[in-house]
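Asker: This is the structure, below, for whatever I ask next.
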Amino acid sequence: MTGPLHVRGSVVVPEAELAWRFSRSSGPGGQGVNTTDSRVELSFDLARTTALGGPALKARAAERLAARLVDGVITVTASEHRSQLRNREAARERLAALLRDAVAPPPKRRRPTKPSKGSVERRLSAKKHRSDLKRLRRTAD
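Take a look at the structure:
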């Protein structure tokens with residue numbers, strides 16, 4: 067559970083760059099809900115990290131996570147489990163997924179294509195056949 071956060075391939079966030087905060091959860095917990103600090107906040111300083119390698123990955127991540135960043139820091143919370151340990155695991159998984167999506171290379175550009183001549187002809191002949199069929203069903207008033 068503890069240790070570096072593996073994001074993808076060579077991108078690994080060291081434990082020292084992760085900041086944890088714990089508070090009382092409003093979620094499940096039974097009688098102990100008001101006494102145990104089971105809510106977890108995991109913060110990661112994207113602006114000062116050295117884990118993302120080059121500046122290109124850091125810039126890509128900052129651009130994609132811009133709406134979630136507060137002063138260059140991204141925070142993930144978890145409070146759906148009763149135990150702090152399980153909430154810590156959930157927060158780590160969420161942060162890893164966020165960072166994985168943020169540093170992923172952009173998708174390949176789609177090359178525009180035209181329908182083939184044969185497919186255009188088939189589509190038009192099917193439309194013509196359907197039109198003729200409906201025309202033959204009409205009553206001659």
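Under our numbering, the first residue of the sequence shown is numbered 67, with each subsequent residue one higher.
Every residue, glycine too, gets a C-beta built ideally from N, C-alpha and C.
Note that the structure is a prediction, hence the values are computed from the model and not measured.
#1: Below 8 Å CB to CB, which residues in the same chain sit around T68 once its five sequence neighbours on both sides are set aside?
#2: Within the segment 110-151, note down every full alpha helix (DSSP H) run reaching 4 residues or more, in order along the chain.
#3: Can you tell me which residues form a DSSP beta bridge with H72?
#4: Quickly, what does DSSP pair V106 with across the bridge? List them, please.
#5: Does S182 come out as helix, strand or coil in the three-state DSSP assignment?
#6: Taking only the alpha-carbon atoms, compute the straight-line gap between D167 and F110 and give it to the nearest angstrom.
#7: Taking the alpha-carbon of R114 as reference, which of R201, I140, E107 and D103 has the nearest alpha-carbon?
#8: Note down, in chain order, each residue of its chain lying with its Cβ closer than 7 Å to the Cβ of R134, except the 5 sequence neighbours on either side.
#9: Determine, using beta carbons only, whether V169 and L123 come nearer to each other than 8 Å.
#10: Can you check which of these residues, H147, H72, G120 and L199, is closest to E83 by C-alpha distance?
Answerer: Answer, in terms of the structure:
#1: E81
#2: 121-130
#3: V78
#4: F88 and A144
#5: coil
#6: 15 Å
#7: I140
#8: Same-chain partners within the cutoff: I140.
#9: yes
#10: H72
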